[in-house]
Amino acid sequence: MDTCPVCNSQVKDKKYSGILDGVAYYFCCGECEKNFEFEPRKYMNCCMKKEKSKEK
Ligand SMILES: [Zn+2]
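Reading the sequence shown from the start, the letters are residues -2 to 53 in the working numbering.
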């Protein structure tokens, strides 16, 4: 089962989807789809890099 990258809930049907860098993502609801399209990098950073350690 896919996980919604925006809110981390389980995606039951693949109604809402988006593509970033050639990879398809599925969302639990239209709101999450909108949020992802509005600011996809925000969610990608959180999923792939976790939190970057603080550098000064
Ligand atoms: Zn969601």
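Even glycine gets a Cβ: it sits at the ideal position worked out from N, Cα and C.
Note that the coordinates shown come from a computational prediction; the quantities given were computed from them, not determined experimentally.
Distances taken from the Cβ of V20 to the heavy atoms of ligand 1 include none shorter than 7 Å.
Apart from sequence neighbours up to five positions away, the residues of its chain that approach G27 with a beta-carbon distance below 7 Å are Y13, ordered along the chain. Per the CB criterion, closer than 6 Å to any heavy atom of ligand 1, the qualifying residues run in chain order as C1, V3, C4, S6, F24, C25, C26, C29.
Around the beta carbon of C4, fewer than 16 other beta carbons lie within 10 angstroms, which makes this residue exposed.
The beta carbon of F33 lies closer than 6 Å to those of V3, G15, Y40 in the same chain, with the five residues before and after it left out.
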